[in-house]
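If you read the sequence shown in full-length UniProt numbering, its first letter stands for residue 1, the second for the next number, and so on.
Glycine residues also receive a C-beta, built at the ideal position from the N, C-alpha and C atoms.
Worksheet: one structure, shown below.
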Amino acid sequence: MIEAANRLQTIEEYYFSRKLREVRLLEANGKPIINLGIGSPDLQPPQSVITALNNSLTDAQANQYQSYQGLPELREAIVSFYRDQFQVYLSPTTEVLPLMGSKEGIMHISMAFLNPGDQVLIPNPGYPTYASVTNLVGAEPVFYDLSEAISWLPDIEKLEEQDLSKVKIMWINYPHMPTGAVATEAFFTRLVAFAKRHHILIVNDNPYGFILNDIPLSILSIPGAKDVCLELNSLSKTFNMSGWRVGMVLGKSDYINHVLKVKSNMDSGMFYGIQKGAIEALKCSKLWYVSLNNVYEERRKLIWKLADSLNCTYDRNASGLFVWAKIPPFLKSEEFIDLLLKEHEIFIAPGTIFGGQGEGYVRFSLCASTDIIEEAIARI
Numbered sequence: 001m002i003e004a005a006n007r008l009q010t011i012e013e014y015y016f017s018r019k020l021r022e023v024r025l026l027e028a029n030g031k032p033i034i035n036l037g038i039g040s041p042d043l044q045p046p047q048s049v050i051t052a053l054n055n056s057l058t059d060a061q062a063n064q065y066q067s068y069q070g071l072p073e074l075r076e077a078i079v080s081f082y083r084d085q086f087q088v089y090l091s092p093t094t095e096v097l098p099l100m101g102s103k104e105g106i107m108h109i110s111m112a113f114l115n116p117g118d119q120v121l122i123p124n125p126g127y128p129t130y131a132s133v134t135n136l137v138g139a140e141p142v143f144y145d146l147s148e149a150i151s152w153l154p155d156i157e158k159l160e161e162q163d164l165s166k167v168k169i170m171w172i173n174y175p176h177m178p179t180g181a182v183a184t185e186a187f188f189t190r191l192v193a194f195a196k197r198h199h200i201l202i203v204n205d206n207p208y209g210f211i212l213n214d215i216p217l218s219i220l221s222i223p224g225a226k227d228v229c230l231e232l233n234s235l236s237k238t239f240n241m242s243g244w245r246v247g248m249v250l251g252k253s254d255y256i257n258h259v260l261k262v263k264s265n266m267d268s269g270m271f272y273g274i275q276k277g278a279i280e281a282l283k284c285s286k287l288w289y290v291s292l293n294n295v296y297e298e299r300r301k302l303i304w305k306l307a308d309s310l311n312c313t314y315d316r317n318a319s320g321l322f323v324w325a326k327i328p329p330f331l332k333s334e335e336f337i338d339l340l341l342k343e344h345e346i347f348i349a350p351g352t353i354f355g356g357q358g359e360g361y362v363r364f365s366l367c368a369s370t371d372i373i374e375e376a377i378a379r380i
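This is the structure:
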């Protein structure tokens, strides 16, 4: 028996990978499970995206290896999108790099900047991949607590009381998953100043900026941010293209070149047709965002009703693809979701999979039709 690498001892199988096996087993045994746990958009991409992808399949270069940096017109479309939506001005040749989803960017950035022993500031609660990738590359996760009391934003003053001499990267994620908290321009300005004082690379993971959020904001819009910041973004949520894996990393050319050095050794370029579809997605008019959010607004009202029926509380001003809700005080998060699964055949995510600060909370997904959510309410 060949032993696995030691690095695998630092991580566990992803929670949803394990839990969904249980859900599928229940379904196989005839249980009609309602899945409100996963943030995988069930809506269709824009028709123009599907048309562009289909039409591209007969292009002469469709089956060939593609550039590690993506099609020039895709980089131009990303730059135009950031200019129009965020008032951020970037070079399409040096300051943007298309990715096969922003999740791979977490690994690429970590491999490009972290050495064994470097420390990484990671939000708690936050996306579990930040910590697992940090462990895989031999760096040290240092968790910083977010809480409802401070609007789920990092406490910069508290961070500065710590020894930050070994910290190389700080992960942030606004609009925040799982809580839906939104950062302000003033907060980003303070964070950029913090990063400059301590020579820390801030990486903002920003895939939820257009979901039920009135004021999309990029950290790169802050003066001087390019010196100490990168931003990840994705077409998965905004354009319902999650399975097609299109993301991007943006920032200073030197940083992008470091990431490209890693990426170019790990894949052979994004499929041509997906790139052509992505170009069309990035050209969508405001009508696309309005229609998308009208659907999610209707669903969110029903999820609020479901949360009310479960005696949960939540912030009506939160954004994003989920409702983050506080459960009654006499139950733990995993006890609560297991009880819901057993008694009502409804699956939601426990807050604890996002860190210890998620204890006492659960996460409802908006990625289900109104009929399905209404059925969930009826079961309660």
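Straight-line gap, residue i to residue j (C-alpha atoms, nearest Å)
i: S221; j: F188; result: 9 Å
i: K196; j: K226; result: 11 Å
i: L287; j: E280; result: 14 Å
i: E375; j: L36; result: 12 Å
i: P46; j: I38; result: 21 Å
i: G356; j: E73; result: 43 Å
i: G269; j: Q66; result: 5 Å
i: G273; j: E343; result: 45 Å
i: Y174; j: A62; result: 35 Å
i: K332; j: A4; result: 34 Å
i: E335; j: V295; result: 31 Å
i: V203; j: C229; result: 6 Å
i: F330; j: R7; result: 37 Å
i: P98; j: L339; result: 42 Å
i: A77; j: S285; result: 13 Å
i: V137; j: N115; result: 7 Å
i: T10; j: M111; result: 16 Å
i: S291; j: E161; result: 46 Å
i: N29; j: E148; result: 39 Å
Cβ neighbours of residue i in the same chain (closer than 7 Å, five flanking residues each side left out)
i: M107; result: V133
i: I33; result: V23, L26, E27, E345, F347
i: F210; result: P216, T238, Y289
i: L90; result: V79, Y82, V96, L250
i: Q87; result: S221
i: L212; result: N293, Y296, E297, R300, S319, G320
i: I303; result: V323, F364, L366, I373
For residue j and residue i, believed in contact at Cβ under 8 Å, the rounded distance
i: G247; j: N233; result: 6 Å
i: I337; j: P328; result: So it is not a contact: roughly 13 Å between Cβ atoms.
i: W171; j: G126; result: 7 Å
i: S369; j: D42; result: 7 Å
i: P123; j: I353; result: With a Cβ gap of about 14 Å, P123 and I353 do not count as contacting.
i: M100; j: D267; result: 6 Å
Residue i classed as buried or exposed, judged by whether at least 16 other C-beta atoms fall within 10 angstroms
i: L306; result: buried
i: R83; result: exposed
i: Y144; result: buried
i: N231; result: For the sequence presented, residue 231 should be read as Glu rather than Asn. With 16 or more other Cβ atoms within 10 Å, it is buried.
i: I150; result: exposed
i: P178; result: buried
i: I256; result: buried
i: H199; result: exposed
i: G224; result: exposed
i: I109; result: buried
i: N317; result: exposed
i: I169; result: buried
i: A378; result: exposed
i: R75; result: buried
Chain-order list of residues whose beta-carbon lies under 6 Å from that of residue i (same chain, five-residue window excluded)
i: D163; result: none
i: Y314; result: A307, V323, A325
i: Q119; result: E140, V142, K166, V167
i: A131; result: I122, P141
Cutoff 8 Å; reference residue i; Cβ partners in own chain excluding five residues on either side
i: S102; result: D205, P207, L232, N233, S234, S236, G247, M248, V249
i: L159; result: L121, Y144, F194
Contact with chain C by residue i, beta-carbon distance below 7 Å
i: I346; result: Judged by its chain identifiers, the structure shown contains no chain C, having just a single protein chain.
TODO: Determine, using beta-carbon pairs with one atom in the stretch 85-98 and one in the stretch 149-166, whether at least three such pairs fall under 8 Å.
DONE: They do not touch, by the three-pair rule.
Open item on the list: Quick check: the stretch 252-260 against the stretch 42-52, are at least 3 beta-carbon pairs closer than 8 Å?
Closed with: At 8 Å Cβ cutoff, the stretches do not touch.
Task: Contact between the stretch 234-246 and the stretch 267-281 (3+ Cβ pairs under 8 Å) - done: Segments in contact, yes.
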